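Chains as they are written, first to last, in my numbering: chain Z, -7 to 278; chain Y, 72 to 329.
Glycine included, C-beta positions come from ideal geometry on N, C-alpha and C.
A quick note: this is a predicted structure, and the numbers were derived from the prediction, not measured.
In what follows, a structure is listed as structure tokens, so that the remarks can point back to it.
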Amino acid sequence: MGLDWKVVYALARRELASYLANPAGYVFLTLFIAATAAGAFLQEGFFARNLADLALLNKVMPLILMLFVPAVTMNLWAEERRVGTDELLLTMPVRDLEVVLGKFLGALGVYTVGLVFSLANVAMLAWLGNPDSGLMVATYLGYWLVGAAFVAIGLLGSMFSSNATVAFILAALGCAALVFSGTAPWANGIIGCGLFAAAAALVWVSASGSGKFAGFVALGGALVGLLLWLTGTWPGFVDAFGLLGVDQHFYGFGEGVVRLGDVVYFLGITTVVLYLCTFMIGRRHW
Amino acid sequence: MSSSKPSPAPVTIRAEKVSKVFGDFVAVHDLSFSVRKGTVTAFLGPNGAGKSTTMKMLTGYLAPTSGSVELLGKSPMETEARIELSRKLGYLPENGPLYLDMTPRELLGHFGAVRKLDKLDQAITRVVEQCAIEEVLHKPIGKLSKGFRQRVGMAQALLCDPEVLILDEPTSGLDPLQIREVRSLIRQLGESKTILLSTHILQEVEAVADRVLMVHEGRLVFDGSVDELKADSTLDERFYALAAPAKPSTAKPEKAKN
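This is the structure:
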């Protein structure tokens, strides 16, 4: 049987309503708009460039999202586990994937509301000059896709702990891996080792059906990655993990170019991470 | 004139040699029992006996390490069967977890939407009346007393007019008057539904249950009626005797009756 989108909608609506009924939600939206406005206009060179675009914001947007999106997602599942409502939810007529999609779309809705309010920046550009509408649409599509991938990573981070602070840190680390990948060879190497660790733990957990010794297996995976990197056994190690970086895929959107490969990159990351979220929810059966 | 014996009611809940192990800890050990339709069965045992873990397995939230469970003839471990079963199952988890930022009305509306209930407004009106939560219907759950929260949890469990009700310590946190009301509600519901409730309160068992399953350290140590439990000593004495530290050589479960 396929997904029931009515159930997904009901779950997403609850998430969105809960966030927007909470003063913290409005604090987030205000800070987000302020941060994007500062990124767009308060950086040195905005007026000297004499261009009505968001090029300066584009440089810092992944960094802003790296901190803001985990703040939205940290409670998504951690709070359910802390309060115990996950038990209630998972004994309703819902599939694990419906729960994941409901949570994801609810948080993506919150982020989308933030993006809509940040259109004030575009209004400011229109007041100052004559921004290219195609460029603005492409740029905002890029922001939305980066945000979608980060929301998925945030949801995954929220599934590792019932503590919201831990969930925030894990999510921010996951987003940081994508933000800093491709920026320096050492960053690529560290991210590569981290992914080796995560993949080893995932394979171990899937094969054994238990989380026992997963930490040791992850450490082993990281060591294998480290050996491949430092001994030069895999010469393309650093370059391969540099390809994961958000910047190089987001760059085109900021230039007004929507490449299929870039869209697939963001949707691919989102899909893979949402699959991992479903896997994490299924862990309760172990 | 031939007096034909009425056929026994069908089995609604069945557990067959169910065990659940968390790491090195055996929470439930080789538990077998069945519950017939239209009965109120009490899962009695001290804290940590394995009652909640067993209930989590019956609802499909946890999978048994070994053995099998069935609800209405289907395994809650298979996704599609679980979806179908959960439409006929009302569940009140331990401590009645709820979304504290919602009002009872919003919560019931939300779970009704998740369950895709037809005539949701009528269903809400019914459970609000049954659980007597009219006066707090539009107050945030986080600001309600423990007793009202528990009643909202009960209302949530009854929303789909379930065939099977699994209630994990339904009177926990209630005052004596509320306890009496909830017990009366359980008795009333037990006339048409199969109810399995957990408790460590002996008076509750006497007040509502047709049958008692007593568990201790994850093992079934008694299966019978309240009268049978009291047969050779007072209920209290029997409970404390059964719940005393287990002696492995003598802790064999009594034969489970269907």
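Anything in the segment 179 to 190 of chain Y with a Cβ closer than 8 Å to a Cβ of chain Z? List those residues in chain order, please. Cβ proximity to chain Z below 8 Å picks out His181, Phe182, Ala184, Val185, Arg186, Lys187 from the segment 179 to 190 of chain Y.
Can you tell me whether Y:Glu325 is buried or exposed? The criterion is at least 16 other CB atoms within 10 Å of its CB, across all chains shown. One-based indexing of the second sequence puts residue 325 of chain Y at position 254. Note that Y:Glu325 scores 43 on pLDDT, short of 50, meaning its location in the model is unreliable and no value can be drawn from it.
Whose CA, out of Y:Val185, Y:Arg220, Y:Glu205, Y:Leu230, lies closest to the CA of Y:Ala194? Translated into positions along the second sequence, residue 194 of chain Y becomes position 123. The residue among Y:Val185, Y:Arg220, Y:Glu205, Y:Leu230 with its C-alpha nearest the C-alpha of Y:Ala194 is Y:Leu230.
Which residues in chain Y sit within 7 Å of Z:Gly76, going by Cβ to Cβ distance? Against the first sequence, residue 76 of chain Z aligns to sequence position 84. Neighbours of Z:Gly76 on chain Y, chain order: Pro164, Asn166, Pro168.
When the Cα atoms are used, what is the spatial distance from Z:Cys167 to Y:Gly94? The sequence position of residue 167 of chain Z within the first sequence is 175, counting from 1. The sequence position of residue 94 of chain Y within the second sequence is 23, counting from 1. For Z:Cys167 and Y:Gly94, the distance between alpha carbons rounds to 32 Å.
For a contact meaning CB atoms closer than 8 Å, what does Y:Asp172 contact in chain Z? Within the second sequence, residue 172 of chain Y is the residue found at index 101, counting from 1. Here the neighbours are Ser10, Ala13, Asn14.
Just the C-alpha distance for Y:Lys210 and Y:Arg220, rounded to the nearest angstrom, thanks. Position 139 of the second sequence holds residue 210 of chain Y. Position 149 of the second sequence holds residue 220 of chain Y. Distance between the alpha carbons of Y:Lys210 and Y:Arg220 is about 11 Å.
Out of Z:Lys95, Z:Val138, Z:Gly134, which has the shortest C-alpha to C-alpha gap to Z:Glu72? By 1-based counting over the first sequence, the position of residue 72 of chain Z is 80. The shortest Cα separation from Z:Glu72 among Z:Lys95, Z:Val138, Z:Gly134 belongs to Z:Lys95.
If you pair each beta-carbon of the segment 136 to 149 of chain Z with each one of the segment 81 to 101 of chain Z, do three or more pairs fall below 8 Å? yes
Is the segment 124 to 135 of chain Y touching the segment 296 to 303 of chain Y, taking contact as three or more C-beta pairs under 8 Å? no
In chain order, which continuous runs of the alpha helix (DSSP H) of length 4 or greater are located wholly inside the segment 235 to 279 of chain Y? 247 to 261, 273 to 279
8 Å Cβ cutoff met for Y:Leu236 and Y:Ile266: Walking along the second sequence from the start, residue 236 of chain Y turns up at place 165. Walking along the second sequence from the start, residue 266 of chain Y turns up at place 195. Yes, the pair counts as a contact, with Cβ atoms nearer than the cut-off.
At a CB distance below 8 Å, what residues from the segment 117 to 134 of chain Y approach chain Z? Give them in sequence order. Lys127, Thr130, Gly131, Tyr132, Leu133, Ala134
How should Y:Lys328 be labelled, buried or exposed, when 16 other C-beta atoms within 10 angstroms of its C-beta is the threshold for buried? Taking the second sequence and counting its residues from 1, the one referred to as residue 328 of chain Y is at position 257. For Y:Lys328, the pLDDT reaches just 41, beneath the cut-off of 50, and the residue's location in the model is therefore unreliable, although a value from the coordinates is still provided. The residue is exposed, with fewer than 16 neighbouring Cβ atoms inside 10 Å.
Under the three-state DSSP convention, the category Z:Asp239 falls into: Position 247 of the first sequence, counting from 1, holds the residue named residue 239 of chain Z. Helix, per DSSP.
Measure from the alpha carbon of Y:Phe104 to the alpha carbon of each residue in Y:Pro147, Y:Met148, Y:Ser269, Y:Lys88, then state which is nearest. In the second sequence, residue 104 of chain Y corresponds to position 33, counting from 1. Measuring from the Cα of Y:Phe104, the nearest candidate turns out to be Y:Lys88.
According to DSSP, simplified to helix, strand and coil, what is Y:Ser103? Counting from one through the second sequence, the residue named residue 103 of chain Y turns up at place 32. In the structure shown, Y:Ser103 sits in a strand (DSSP, three-state: E or B).
Give the range of the beta strand (DSSP E) segment to which Z:Thr176 is assigned. Residue mapping note: residue 176 of chain Z aligns to position 184 of the first sequence, counting from 1. One point to set straight first is that residue 176 of chain Z is Ala, not Thr, in the sequence displayed. Z:Ala176 -> no beta strand (DSSP E), and no H or E assigned at all.
On the criterion of 16 or more Cβ atoms from any shown chain inside 10 Å, does Z:Ser173 qualify as buried, or is it exposed? Position 181 of the first sequence, counted from the first residue, corresponds to residue 173 of chain Z. Classification of Z:Ser173: buried, given that the 10 Å Cβ count is 16 or more.
On the DSSP letters alone, give me the boundaries of the beta strand (DSSP E) that Y:Gly161 sits inside. For this step, residue 161 of chain Y is matched to residue 90 along the second sequence. Unbroken beta strand (DSSP E) run through Y:Gly161: 160 to 163.
Relative to the alpha-carbon of Y:Leu284, which residue among Y:Pro79, Y:Gly121, Y:Ser90 has its alpha-carbon at the smallest distance? On the second sequence, residue 284 of chain Y is found 213 positions in, with the first residue counted as 1. Selected option, being the one with the closest Cα: Y:Gly121.
Apart from the five residues on each side of it in sequence, which residues of its chain come closer than 7 Å, Cβ to Cβ, to Z:Leu8? Position 16 of the first sequence, counted from the start, is the residue given in the question as residue 8 of chain Z. So the list reads Gly98, Gly101, Val102, once near-sequence residues are dropped.
Please state whether DSSP places Y:Met173 in a helix, a strand or coil. Counting from 1 along the second sequence, the entry for residue 173 of chain Y is found at position 102. Y:Met173: coil per DSSP, three-state reduction.
Output, in chain order, the set of chain Z residues within a Cβ distance shorter than 8 Å of Y:Ile154. Reading the second sequence from its first residue, position 83 is the one you call residue 154 of chain Y. Those are Met(-7), Pro85, Val86, Arg87, listed as they occur along chain Z.
Looking at the structure shown, is Y:Glu205 part of a helix, part of a strand, or coil, going by DSSP? Position 134 of the second sequence holds residue 205 of chain Y. In the structure shown, Y:Glu205 sits in a helix (DSSP, three-state: H, G or I).
From the beta carbon of Y:Ser157, is the nearest beta carbon of chain Z less than 8 Å away? Translated into the one-based positions of the second sequence, residue 157 of chain Y becomes position 86. Interface residue, yes.
Per DSSP, what kind of secondary structure is Y:Lys210 in: helix, strand or coil? Position 139 of the second sequence, counted from the first residue, corresponds to residue 210 of chain Y. The answer is coil: DSSP assigns Y:Lys210 none of H, G, I, E or B.
What do you reckon, are the CB atoms on Z:Ala13 and Z:Leu117 nearer than 8 Å? Your numbering for residue 13 of chain Z matches position 21 in the first sequence. Your numbering for residue 117 of chain Z matches position 125 in the first sequence. Not in contact: Z:Ala13 and Z:Leu117 (Cβ atoms no closer than 8 Å).
Quick check: does the Cβ of Y:Asp246 come within less than 7 Å of any heavy atom belonging to the ligand ADP? This structure does not include the ligand ADP; it has no bound ligands of any sort.
Through-space distance from Z:Pro177 to Z:Asp306, alpha-carbon basis: Nothing can be reported for residue 306 of chain Z: it is not among the residues displayed for chain Z, which extend from -7 to 278.
Within this structure, are the beta carbons of Z:Phe188 and Z:Gly224 separated by less than 8 Å? Start at 1 with the first residue of the first sequence, and residue 188 of chain Z comes out as number 196. Start at 1 with the first residue of the first sequence, and residue 224 of chain Z comes out as number 232. Against a cut-off of 8 Å, the Cβ pair of Z:Gly224 and Z:Phe188 comes out as no contact.
Short check: CB of Z:Gly186 to CB of Z:Ala159, under 8 Å? Translated into the one-based positions of the first sequence, residue 186 of chain Z becomes position 194. Translated into the one-based positions of the first sequence, residue 159 of chain Z becomes position 167. No, the Cβ-Cβ distance between Z:Gly186 and Z:Ala159 is not below 8 Å.
Starting from Z:Val92, find everything on chain Y with Cβ-Cβ shorter than 9 Å and list it in chain order. The count along the first sequence starts at 1 and reaches residue 92 of chain Z at position 100. Per Cβ cutoff of 9 Å: no residues; Z:Val92 is ~14 Å from chain Y at best.
Confirm, please, whether the CB-CB distance from Z:Leu266 to Z:Val92 is below 8 Å. Working through the first sequence from its first residue, we reach residue 92 of chain Z at position 100. Working through the first sequence from its first residue, we reach residue 266 of chain Z at position 274. With contacts defined by Cβ atoms closer than 8 Å, Z:Val92 and Z:Leu266 form a contacting pair.
Short check: CB of Z:Ile25 to CB of Z:Phe109, under 8 Å? Along the first sequence, read from residue 1 onward, the residue named residue 25 of chain Z stands at position 33. Along the first sequence, read from residue 1 onward, the residue named residue 109 of chain Z stands at position 117. Taking 8 Å as the Cβ cut-off, Z:Ile25 and Z:Phe109 qualify as a contacting pair.
Distance cutoff 8 Å, beta carbons only. Does Y:Thr265 sit that close to anything in chain Z? Start at 1 with the first residue of the second sequence, and residue 265 of chain Y comes out as number 194. Not closer than 8 Å to any Cβ of chain Z, the Cβ of Y:Thr265 fails to qualify, so no.
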